[in-house]
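Residue numbers (the numbering used here): 2 to 64.
By construction, the Cβ of each residue, glycine as well, lies at the ideal position given by its N, Cα and C atoms.
What follows is a single structure, written as structure tokens, with notes after it.
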Amino acid sequence: MYNTVTNTLADCLDICAGQDGCVGAGWGRNSWNDGRPTCWLKSQLGEWNNAPTWSFLVEDSGS
Numbered sequence: 002m003y004n005t006v007t008n009t010l011a012d013c014l015d016i017c018a019g020q021d022g023c024v025g026a027g028w029g030r031n032s033w034n035d036g037r038p039t040c041w042l043k044s045q046l047g048e049w050n051n052a053p054t055w056s057f058l059v060e061d062s063g064s
């Protein structure tokens, strides 16, 4: 979908929850973005990756 700088994981979750089609989001700091915490919104989920400095959220369908 897209990425945006957010201060907290909770902010990232709120953005995903309010975005149609968001099924999950990755959040963490990276070197290419000057170390700013970034939220990556996902429209689909792929293979998992072990990244200890990142957090990942999956939207609960409620079923």
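| query | result |
| --- | --- |
| Burial state of W49 (16 or more Cβ within 10 Å) | exposed |
| Exposed unless 16 or more other CB atoms sit within 10 angstroms - verdict on A18 | exposed |
| Continuous alpha helix (DSSP H) stretch holding A11: start and end | L10 to A18 |
| Secondary structure of S32, DSSP reduced to three states | helix |
| Cβ pair V6, T39 closer than 8 Å | yes |
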